[in-house]
Amino acid sequence: MVLNRRLASYNATSTICLQRRRSKVAGSVTCFQTSLIGIRRFELFGFDITPIPVEHGNVDTYGYRIDDFGYLPDVKRLPKESQDLLHGIEVLVIDALSFNPRHPTHLSVGEALEISAVLKPRETYFTHIMHRLDHRHFPEQCEEMDIELPDNAYLAYDTQVIQL
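Residue numbers (our numbering): 15 to 178.
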């Protein structure tokens, strides 16, 4: 069955090129209608959206500021200019793969907390986490790793709804 509908996808130039190279799946073309956004603020469905350049290992990618919400799911380093674009956010969702700071493409819990301390959001949620980070025992795990977990920092979970 072939559907003639396409899913909207808003991307930077490098992402669109990557999608086009990978667009053949089982002999069919994936159903994305790509739109180039560049590195500039835009509005979508009434939300003010700012692409945030981040480093994801050797790949430059983007997080997003959506009104007062910061979304950085794939990041190893957040340049100072990008930090400046995030000041004043209320909620931060940020990559925190594990406790290991040596991972080449993802932040550790400690590194994510350092960024959160600079940005000072009301709440921080860790995403893109490994299974070893245990939702039931995360504060204890942080204590064992000698990481001070603030009261406003949490592990995110699937289907979570965050009040903004």
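Where a beta carbon is used, it is the ideal one built from N, C-alpha and C, also for glycine.
At the level of alpha carbons, what is the spacing between residue i and residue j?
| i | j | result |
| --- | --- | --- |
| P67 | E157 | 32 angstroms |
| F83 | L163 | 21 angstroms |
| S112 | M144 | 6 angstroms |
| D128 | L86 | Residue identity check: residue 128 is Glu in the sequence provided, not Asp. E128 and L86: Cα-Cα distance of roughly 14 angstroms. |
| R55 | T64 | 4 angstroms |
For residue i, which residues of its own chain have a beta-carbon under 8 angstroms away from its beta-carbon, when the five flanking residues on both sides are left out?
| i | result |
| --- | --- |
| R136 | E104, V105, N166 |
| V89 | V68, E69, H70, T75, G77, I108, D109, H120, L121 |
| D148 | Q155 |
| L178 | D81, D82, F83, E104, V105 |
| S130 | L106, I108, T138, P164, A167 |
Do residue j and residue i come within 8 angstroms of each other at the CB atom, strictly closer than that value?
| i | j | result |
| --- | --- | --- |
| V73 | Q97 | no |
By Cβ distance, which residues of its chain are closer than 7 angstroms to residue i, with the 5 residues on each side in sequence left out?
| i | result |
| --- | --- |
| D81 | F61, D62 |
| A126 | I108, D109, A110, F140 |
| L100 | I66, R79, G84, L133 |
| L169 | F140, I143, L147, H149, F152 |
So, helix, strand or coil for residue i, using DSSP?
| i | result |
| --- | --- |
| V89 | coil |
| L111 | coil |
| F152 | helix |
| V68 | strand |
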